[in-house]
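Student: Okay, here's the structure, questions in a sec.
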Amino acid sequence: MKRIVVGFLLMWSTQAFAQTDLEVIEQAYATFGVGDAEGWAALHTDDFVWTIFGDLPQSGRRVGTQSVIDEVLGVFPERWPALAFETIETFAAGEVVFVHTRMKADGMDTESLHMFKMRDGKIAAFTAFDDTDSMRRSMVD
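Residue numbers for the sequence shown, in this note's numbering: 213 to 353.
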């Protein structure tokens, strides 16, 4: 009986403290927004894939968090000072989560759709469907 109780408590505590996919994604936006590369990377799988369409400085496909940190993380504050994300709505379907977001920065107020693929409580892939025209027009050179 003691083993059953201990097993139940371990199972309950793991579930109680495990983050939901939406919480992981919220934390990813928060860490990305403040430039916390280490905190942001910890939320992703080792084989994480980042995809942004278009021809902006951050566009393209990158594999691994380090390539995103090296090639993308610094682009946003440099090109769009005071960039902020506001979640409008989320939709989860299995291991895929869509986030309809508002992106604001100096000279920019637009909406975007971000798709996250989750695996084992971490982000395995991110694809952004951004309004690249608005982003290009507001970009600081």
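Built from N, CA and C at the ideal position, the CB exists for glycine as well. Owing to the predicted nature of the structure, the values given are computational and were not obtained by experimental measurement.
For Gln270, count neighbouring Cβ atoms within 10 angstroms of its own Cβ and tell me buried if that reaches 16, exposed if not.
Tutor: buried
Student: Is the beta carbon of Val261 sitting closer than 9 Å to the one on Ala337?
Tutor: yes
Student: Would you check if there are 3 or more beta carbon pairs closer than 8 Å linking the region 278–288 to the region 301–310?
Tutor: no
Student: Within its chain, find whatever has a CB closer than 7 Å to the CB of Ser324; leave out the 5 residues flanking it on each side and keep chain order.
Tutor: If the five residues before and after Ser324 are omitted, its C-beta is found closer than 7 Å to the C-beta atoms of Thr313, Met315, Ala340, Phe341, Asp342 and Asp343, all from its own chain and listed in chain order.
Student: Would you check if the distance between the CB atom of Asp259 and the CB atom of Gly276 is smaller than 9 Å?
Tutor: yes
Student: Short of 8 Å in beta carbon distance, which residues of its chain neighbour Gly245, apart from the five on each side in sequence? Order them along the chain.
Tutor: Spatial neighbours of Gly245 in its own chain (CB-CB distance under 8 Å, excluding positions within 5 residues in sequence) are listed in chain order as Leu295, Ala296 and Phe297.
Student: Which residues does DSSP pair with Ile264 in a beta bridge?
Tutor: Gly272 and Ala340
Student: What are the partner residues of Ile300, as DSSP defines its beta bridges?
Tutor: Beta-bridge pairing links Ile300 to no other residue.
Student: Smallest Cα separation from Thr257: which of Gln278, Arg291 and Val352?
Tutor: Gln278
Student: Can you round the beta-carbon distance between Leu268 and Arg349 to whole angstroms, since I take them to be within the 8 Å contact cut?
Tutor: Contact between Leu268 and Arg349 fails: their C-beta atoms lie close to 11 Å from each other, not under 8 Å.
Student: Taking C-alpha atoms, which residue in Gly247, Trp292, Ala254 and Glu238 lies nearest to Gly319?
Tutor: Trp292
Student: Once DSSP output is grouped into helix, strand and coil, what is the label at Leu285?
Tutor: Three-state DSSP puts Leu285 in a helix.
Student: If we ignore side chains and look at the alpha-carbon of each, how far apart do Thr192 and Asp345 end up?
Tutor: It is not possible to answer for residue 192, since the shown part of the chain is limited to 213 through 353.
Student: Looking at Lys329 and Val311, is the spacing between their C-beta atoms short of 9 Å?
Tutor: no
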